[in-house]
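Heads up: the structure comes next, in structure tokens.
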Ligand code: KMH
Ligand code: ZN
């Protein structure tokens, strides 16, 4: 088994600052969180940005500041969200790609998202993917629902993607695939040969699904974007969620990947220093 890649998703778009004091809002806070999570064992940071007031933003200037804050404090692989927040336009979502992060997410289909709809039609996916190609940004395929992997295979058949890819199964969003061992197994079995995968499960399923992924040889995503609780009644810090999954990995005999290991496993180019 490869060493375990731990992605931290410290911000997300659905949380509000009144839900937890540990939500990084400013680029400065994001940089500090990145450093703490790297020390705890993370090698990728999945980035959403907020205004100082905590509102969602895909503004290029804010992502530039976040990128520089993260890169000046850590060697983490930087992965931008192109999902952004519900209601953002596709162009808005893709705008930060011009900053050429190491990676960015590509959600592979439309999905009910609680009472909302997270829209990812083929034209939207093609647009985001072409922007990634233009700026040489590696995708991570986000699979929220049955059919999303088939959509990704269709994009590959169109020549817009080439497998193998790194795939993240986001399980437990109300409206998408459930967070269960059975659902994860179905997902993994459907992967094209050579793909690497991680699991990001929502809420209290984050920990058990991460543990299953560690044992299966997959990779994990943890962080406040998907789960704000460390335990019942105890709010989590991002770095605590990272540290816990690395302790579990150690108990299971699975070493944790450094950012350099992760670059090798995902076949990413070398570290880009802060601009
Ligand atoms: N905030 C969700 C609507 C991603 O980052 O690529 C989408 C999301 C996915 O978080
Ligand atoms: Zn996200």
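In our numbering, the protein residues as written are 25 to 299.
For each residue, glycine too, the CB sits at the ideal point set by N, CA and C.
Distance from the CA atom of residue 45 to the CA atom of residue 93, rounded to whole angstroms, is 20 Å. The beta-carbon distance between residue 226 and residue 191, rounded to whole angstroms, is 17 Å. This is too long to meet the 8 Å contact definition. DSSP, reduced to helix, strand and coil, places residue 213 within a helical segment of the structure shown. Residue 202: not part of any alpha helix (DSSP H); DSSP gives it neither H nor E. Residue 29 and residue 50 have their C-alpha atoms roughly 26 Å apart.
Approximately 6 Å separates the beta-carbon atoms of residue 246 and residue 32; this is inside 8 Å, confirming the contact.
The Cβ-Cβ distance between residue 100 and residue 155 does not fall below 8 Å. Apart from the 5 residues on each side of it in sequence, residue 253 sits with its Cβ closer than 8 Å to the Cβ of 227, 228, 259 and 260 in its chain, given in chain order. For residue 35, the secondary structure class from DSSP, reduced to helix, strand or coil, is coil.
Of 41, 68, 66 and 120, the smallest CA-CA separation from residue 77 is found for 41. In this structure, the alpha-carbon of residue 48 lies about 6 Å from that of residue 35.
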